[in-house]
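See below for the structure under consideration.
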Amino acid sequence: MVKTNLFVSLLERPEVTLGCRLLVGMVFILAAWPKISHPEAFARLVYNYRLLPDGAVNLVAIILPWLELVMGLAFVFGIWSRAASLVIILMMIVFIGAMGSALIRGLNVQCGCFSVQKGEGQLTWLSLLRDGGVILPALQVAWFDKGIYSLITGKQMN
Amino acid sequence: MTLAVRRTCAQVAALGMVAILLAFGSNALRNPGLPWMEDWTKKLTNLTSVGGIPVVDLPVVAGSYEDQNIMIIDARDREIYEQSHIPGAINLPIHAIDQFFDQFQSQFPPVMPVITYCDGAGCDQAANLAEFLKNNGYGQIHIFLAGLSEWTKAGLPTETGPGKRGYGQN
C-alpha cells in the first residue's frame, strides 16, 4: 500500500508531467515534419493502408501532419496540454488500429510514422508496440497535468 | 456537462482548428499543393511506367504466367507469399534483398524477362524490387502494378505454400 502511494505520488509530480510532455511532444514534432515536407509521398502511404476511400486520402495527408505538429508544440510549450493529451491519445488509438488492421490483413506497407522516404520504416508489430508506448506518457499528462511549467493552462479539470 | 469539461472541449476544438487552418493554409501556399481529393486507384493503375520501368497489365501477365521463359517475381515477404501467390511465381522479398540477392542471382541469372508484383497499386515492393534488379544487371523488367489483388479479383488461379523461393532451398 505504501509502495503504491509512493508510486502515485511520484507519478503525479509536475516534473514527471513535464518529462512526459517533452518526450511525447518531441516525438510528435519529429513525426510530423517529414510528412509536412513531402505531402504527396505521405498521401501515397495513407493510400497504401487501404482503409480510406480515395477521396479522403489527400484530406488526411494534408491535415494529419499539422495536427501532429500542433499537438506536439502544445505539449512542448505547455499550451492547453490536457486538451492536447486527449487529442494525442485519440490519434494514437486510431494509428494503432490502422497499423494493426494492416498487419492483420498481411499488407506489407511502410509505417509512415517517422519517414515517408521510399522503402524506409517498414510496418511491423514493433511499430505498433512503440505507438502503444507513446500512449502511456500521454495518459500521465491527461491524468496528472496541473498546468505547472506551462505557457497557457486555461483552467484545468481537477 | 461541467464547466471544466466544456472548457477542455473548447480547447480541443481550438487546437484542432489551428491545425486545420495551418494545414490548408500551407497547402495553398505550396506549389503545387496537394489537391483536396484525388482518385488514387485510378492515378496509380493508369501509370504506364514507374521510375522508367514499364508497367504491364493483367491480361499480359495472365497470358504469360505459364511461360517458362518469363520470371514472375513476388516481392512480398515469405509468410505473405505462402498465403497466396501467382502460380509459379518466385519469391524474392525486397525487405531482405541484401540477405538473399546473391543466392537469387546464382539460381536465376539475368537471362529472362522479369515481371515483379506485390499486392497491388497500394504497395511499393514490386516497384522497389524492379528498380533494384534493374540496377543489378537484370534487363527487360516490367512491373505488374495491379498486383495480386486484381489477379485474385479476376478469378485467376493462385497457389499457396512454399512455392519457389528466390533464395535458399526450394
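Read top to bottom, the protein sequences are chains A and B. The opening position of the first sequence corresponds to residue 1470 in the numbering used here, with each subsequent residue numbered one higher. The opening position of the second sequence corresponds to residue 926 in the numbering used here, with each subsequent residue numbered one higher. C-beta atoms are modelled at their ideal positions from N, C-alpha and C, and glycine is treated no differently.
The C-beta distance from A:Y1618 to A:A1567 rounds to 33 Å, too long to meet the 8 Å contact threshold. Looking at A:A1530, A:L1521, A:R1490, A:I1604, the one whose alpha-carbon comes closest to that of B:A944 is A:A1530. For B:T1077, the enclosing alpha helix (DSSP H) has its first and last residue at 1072-1078.
Approximately 11 Å separates the beta-carbon atoms of B:G1047 and B:L1073; this is outside 8 Å, ruling out the contact. Identification of residues in the segment 995-1025 of chain B having a C-beta nearer than 7 Å to some C-beta of chain A yields R1001, D1002, I1005, Q1008, H1020, given in sequence order.
At a cut-off of 9 Å between beta-carbon atoms, B:P984 makes no contact with chain A.
A distance of 9 Å or more separates the beta carbons of B:I995 and B:V1036.
Judged by DSSP secondary structure, B:V985 falls within the alpha helix (DSSP H) whose first and last residues are 983-989.
If you draw a straight line from the Cα of A:L1528 to the Cα of B:M962, it comes to about 7 Å. In this structure, the beta-carbon distance from A:V1585 to A:P1503 falls below 9 Å. Nearest in C-alpha terms to B:F1069, of all of B:D1027, B:F1033, B:E1004, B:S989, is B:S989. Along the segment 1507-1533 of chain A, going in chain order, the ones with a CB nearer than 7 Å to a CB of chain B are P1508, E1509, A1512, Y1516, N1517, R1519, D1523, G1524, V1526, N1527, L1528, A1530, I1531, I1532.
Going by DSSP, B:D999 is part of the beta strand (DSSP E) stretching over 996-999. Just measuring C-alpha positions, the residue of A:L1555, A:F1476, A:G1581, A:L1479 sitting nearest A:L1608 is A:L1555.
By alpha-carbon distance to B:P957, the top candidate from A:L1514, A:H1507, A:I1548 is A:H1507. In the DSSP assignment, B:I1040 falls outside any alpha helix (DSSP H) and within the unbroken beta strand (DSSP E) covering 1039-1042. For B:P979, the secondary structure class from DSSP, reduced to helix, strand or coil, is strand. Between A:M1540 and B:L947, the beta carbon gap of about 12 Å keeps them out of contact (Cβ cut-off 8 Å). B:I1015 is positioned such that its CB atom lies closer than 9 Å to that of B:F1033. For A:R1551, the chain B residues whose Cβ falls inside 7 Å of its Cβ are T933, in order along the chain. Between B:E1084 and B:H1010, the C-beta spacing is below 9 Å. Within the same chain, Cβ atoms closer than 6 Å to the Cβ of A:A1553 are found at M1540, A1543, F1544, the five residues on either side in sequence being excluded.
Spanning the alpha carbons of B:C1043 and B:V937 requires a straight line of approximately 41 Å.
By the Cβ rule, the segment 964-979 of chain B does not count as touching the segment 1572-1586 of chain A, because fewer than three pairs are nearer than 8 Å. With a threshold of 9 Å between beta carbons, A:W1502 makes no contact with chain B. Within the segment 1473-1495 of chain A, not one residue has a Cβ closer than 7 Å to any Cβ of chain B. Counting along the chain, the unbroken beta strand (DSSP E) around B:I1066 starts and ends at 1066-1069.
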